[in-house]
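This report concerns only the one structure given below.
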Amino acid sequence: MARPAGDINAGSMADIAFLLLIFFLVTTTMDVETGIQRRLPPMPDENQQAEVEQINKRNIMVVLINKNDRLFAGGQEMHITMLKDKVKEFITNPANLPDLPEKRENDIEGFGPVMVSRAVVSLQNDRGTSYNAYIQVQNELVKAFNELRDEFSMQHFGKKYDSVDEDQQRIVREAIPLNLSEREPREVTTRRR
Amino acid sequence: MATFKTKTDKGLKPLNTASLPDIVFMLLFFFMISTSFRQTERVVSVKLPEATEVAKLDRKDLASYINIGTPIPAYQGQFGTDARIQLNDSFSTIDDIRDFIAASRESMSEADRPLMTVALKVDENVRMGIVTDVKQELRRCSALKIMYSTRRKAETNSF
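Residue numbers (our numbering), protein chains in the order written: chain A, 1 to 193; chain B, 1 to 159.
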C-alpha cells in the first residue's frame, strides 16, 4: 500500500552527528611517533674471533657519563652545553693538530675527492646513569653530526642536508660519516633480575 | 538617551542551517578515519625524555614497542616501584623479549621484516642498566633497528 511518504524530520541529524563528532574528538590521539633512531651493532659471532679494527688513539673521543650523570668528554669534565662544539671541533680538526683525528682523502662517487675525518666518538655509560642524561648526550652528539652535514651541504650544494636530493644526501653522508660507537657494556654477564 | 537598534527591528531572517549537518559529518568522518584506538593498556608509567634531533617514525605498523618504567600505582603493591619492562600488556623480564620479537616478526610480511623497528619507550628516570640489558638482548635477537622514543623539544638546552 503506497502512501505518500512524508518528509523525515532531519533537524536532529546535526545533533546526532555532533555527538559522534565530540566522541571521536575526545578519543583521538594524533601523536606522531618521534625519537632518535639508531642501529645497534650486530652481536659478534662467538665461534669466530672478529678482527678488531685497530683505531689510532688520536681518532677516538671518549664520551663518558658516570652514575651521577656527570659528563666527561675527551678527558675533561664538561657541561652538556659544551659537548656539541667540542665534538664538532674534534671531528673537523680545523687546524690539523697532531692530537686530533687524522683525515684521509676519499674519492666519493659522483663528487670527487674529499678529506674525510676518521674520527670515532665512543659513548660509554654506567649502569646507574639516568636515561634522561643518556638521551640528552645522544641528542647532542647527533646534533653535532647533523650540523656538520648541514654545513657541508650548504657549502657544496647551497642547501641544507634535509632539502638536497637523495644522491647528494649520500655524498654528504659519505663525507661526514656518523661514527658513533657504543662501548660494549662491561658487566653484561651479571644480569640483574 | 540614545536607543540601541535591536536586531528584531530590522526583521533579520534566521540563518539557514541546513548545511550544518554536512559540515559536521565531514569533520566526523575526518576524525573517524584519523582515530586509532590504543591497543594496549599501560601497566608502567612512562614520561619520555625530550630531544631536539628527532626523526619521525615513518612506518608505524612496523614498530613494536617496549615500555620500561615504574609500575602504575595500582600494581605497585604487587610489583614494587622498581623499573619494570612491559611487553604487550603485561610485566615481563629480559628473557621474554626473544619471544616477543619473534612474535612481532611473525606477524609481518616477509618483505617488511628487515624494516622492523623496536621503539624503546623508556621513562626518563630509569637507570641505564636495564636499558643496556634490553639492548644486549635485542642484539642477540638481531633486532638492530631501534628508536629511542622522545618528545620533541624547542631549541633550548638544559640538563
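Using N, Cα and C, we set each Cβ at its ideal position, and we do this for glycine too.
Computed from a prediction, not measured in an experiment: that's the story for all the values here.
Looking at the secondary structure, which residues open and close the alpha helix (DSSP H) in which B:R105 lies?
Residues D96 to E106.
So if DSSP puts A:T34 in a beta bridge, which residue, or which two residues, is it bridged to?
BP columns for A:T34 point to B:K56.
From what residue to what residue does the alpha helix (DSSP H) around A:E105 run?
From DSSP, A:E105 is part of no alpha helix (DSSP H) but of the beta strand (DSSP E) over K103 to I108.
Below 8 Å on the Cβ atoms is my guess for A:N125 versus B:M128; work out the distance and round it to an integer in Å.
So it is a contact: roughly 5 Å between Cβ atoms.
In the DSSP assignment, what are the bridge partners of A:S130?
DSSP output for A:S130 lists B:R127 as bridge partner(s).
Per the DSSP calculation, B:Q86 is bridged to which residue(s)?
Per DSSP, B:N67 and B:F91.
Between which residues of its own chain and B:S36 is the CB-CB distance below 8 Å, once the five residues before and five after are set aside?
Result list for B:S36: empty, nothing under 8 Å.
On a CA-only basis, which of B:I101, B:T150, B:R152 and B:V126 is nearest B:R139? Give me that one, please.
For B:R139, the nearest C-alpha among the options comes from B:I101.
Residues of chain A with a CB under 7 Å from the CB of B:M32: which are they?
Here the neighbours are F24.
Over the uninterrupted alpha helix (DSSP H) stretch that includes B:P21, give me the two end residues.
Run containing B:P21: L20 to S34, per the alpha helix (DSSP H) assignment.
Quick check on the DSSP output: the alpha helix (DSSP H) that includes A:K67 runs from which residue to which?
Neither: A:K67 is in no alpha helix (DSSP H) and is coded neither H nor E.
In angstroms with no decimal places, state the Cα-to-Cα distance between B:R98 and B:R105.
Their backbone Cα atoms lie some 11 Å apart in a straight line.
Opposite A:V120 in the DSSP bridges: which residues?
BP columns for A:V120 point to A:I60.
Below 8 Å on the Cβ atoms is my guess for B:V126 versus B:G69; work out the distance and round it to an integer in Å.
Right, their Cβ atoms sit about 6 Å apart.
Can at least three beta-carbon pairs, one atom from the stretch 114 to 123 of chain B and one from the stretch 51 to 62 of chain B, be found at a separation below 8 Å?
Yes, since at least three Cβ pairs between the stretch 114 to 123 of chain B and the stretch 51 to 62 of chain B fall closer than 8 Å, the two stretches touch.
Within 10 angstroms of the Cβ of A:R70, are there 16 or more other Cβ atoms? Answer buried if so, exposed if not.
Classification of A:R70: exposed, given that the 10 Å Cβ count is below 16.
Can you say whether A:Q155 is buried or exposed, counting buried as having 16 or more other CB atoms within 10 angstroms of its CB?
Per the 10 Å Cβ criterion, exposed.
Leaving out five residues before and five after B:E137 in sequence, what residues of the same chain have Cβ atoms less than 6 Å from its Cβ?
Taken in chain order, the residues that qualify are I94 and I97.
Straight-line CA distance for A:T28 to A:K159?
Looking at the two C-alpha atoms, the distance is approximately 37 Å.
Using only the alpha-carbon positions, how far apart do A:R170 and A:N146 sit?
Their backbone Cα atoms lie some 14 Å apart in a straight line.
For B:R139, which of helix, strand or coil comes out of DSSP?
Looking at B:R139 - three-state DSSP - the assignment turns out to be helix.
Exposed or buried, B:S90, counting other C-beta atoms within 10 Å across all chains shown (16 or more means buried)?
Under this definition B:S90 is an exposed residue.
So, for A:E105: in the same chain, excluding its five sequence neighbours on each side, which residues have a beta-carbon less than 8 Å away from its beta-carbon?
So the qualifying residues of the chain are P113, V114, M115 and V116.
What's the C-alpha gap between A:I16 and B:P21?
Approximately 9 Å, taken between the alpha carbons.
Identify the contact partners of A:Y134 in chain B, using a Cβ-Cβ distance below 7 Å as the criterion.
Here the neighbours are M128.
If you draw a straight line from the C-alpha of A:L148 to the C-alpha of A:S163, how long is it?
Those two C-alpha atoms are separated by around 15 Å.
Let me check understanding here. Comparing Cα to Cα, which of A:N56, A:I55, A:G74 and A:N68 lies closest to A:V62?
It is A:G74.
Take the Cβ of A:G35 as the centre, count every other Cβ of all protein chains shown within 10 Å, and call the residue buried at 16 or more, exposed below.
By the neighbour-count rule (16 or more Cβ atoms within 10 Å), A:G35 is buried.
Just grab the DSSP bridge partners of A:P113 for me.
DSSP, once it has assigned bridges, lists A:D107 as partnering A:P113.
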